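S.K.: Going by full-length UniProt numbering, the letters in the sequence shown line up with residues 1 to 104, in that order. By construction, the Cβ of each residue, glycine as well, lies at the ideal position given by its N, Cα and C atoms. Quick caveat, the model's predicted, so the values are computed rather than measured.
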Amino acid sequence: MSPKQTDRALKMLKSSIIDDLLVQLKELKIEVDDEELKNTLLKTKNKSRRIPPKVEEHKKCVATCKNGKPCCVAMCDKKLKLCWAHMDGDQRIKYRKNKNVTEV
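1) Going by DSSP, what residues sit across from D77 in a beta bridge?
2) DSSP on P52, reduced to helix/strand/coil?
3) Write down the C-beta distance between C65 and L82 rounded to the nearest angstrom, noting that I regard them as a contact closer than 8 Å.
4) In three-state DSSP terms, what is K69?
5) Using a Cβ-Cβ cut-off of 7 Å (strictly less than) and excluding sequence neighbours within five positions of H86, which residues of its own chain qualify?
6) To the nearest angstrom, report how far apart K59 and M75 are at their CA atoms.
7) Pull up the distance between the alpha-carbon of residue 105 and that of L10, whole angstroms please.
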């Protein structure tokens with residue numbers, strides 16, 4: 001097994017053990033006085049999903065994607081109003097010259 005696979009297997013094992021312990025803790029009969037303790041023990045961390053950044057309408061690319069939806073990426077060139085993905089080869093070369101970009 002590669003290190004990546006072993007790490008993944010260990011994480012799965014760890015999470016399953018924690019889930020089993022949480023189920024057992026929920027089934028325990030704890031007195032009313034210990035409700036705060038019970039709540040702190042049963043608290044789980046919920047990781048929030050990543051929210052993608054929003055691009056303002058006047059800064060968006062005006063081209064449409066292959067699936068027919070409007071492009072939601074910020075535009076590179078204000079004259080062309082296109083993002084890097086929708087530029088042609090000639091437009092990219094002109095953009096590099098204007099920005100003095102030498103790397104490909």
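M.R.: Well, looking at it:
1) Note: D77 sits in a beta bridge opposite L82.
2) Per DSSP, reduced to three states, the secondary structure at P52 is coil, with no helix or strand assignment.
3) C65 to L82, Cβ: 12 Å. No contact.
4) Coil at K69, not helix or strand.
5) C61, A63 and C71.
6) Distance between the alpha carbons of K59 and M75 is about 6 Å.
7) Because the chain is modelled from 1 through 104, residue 105 falls outside the range shown and cannot be assessed.
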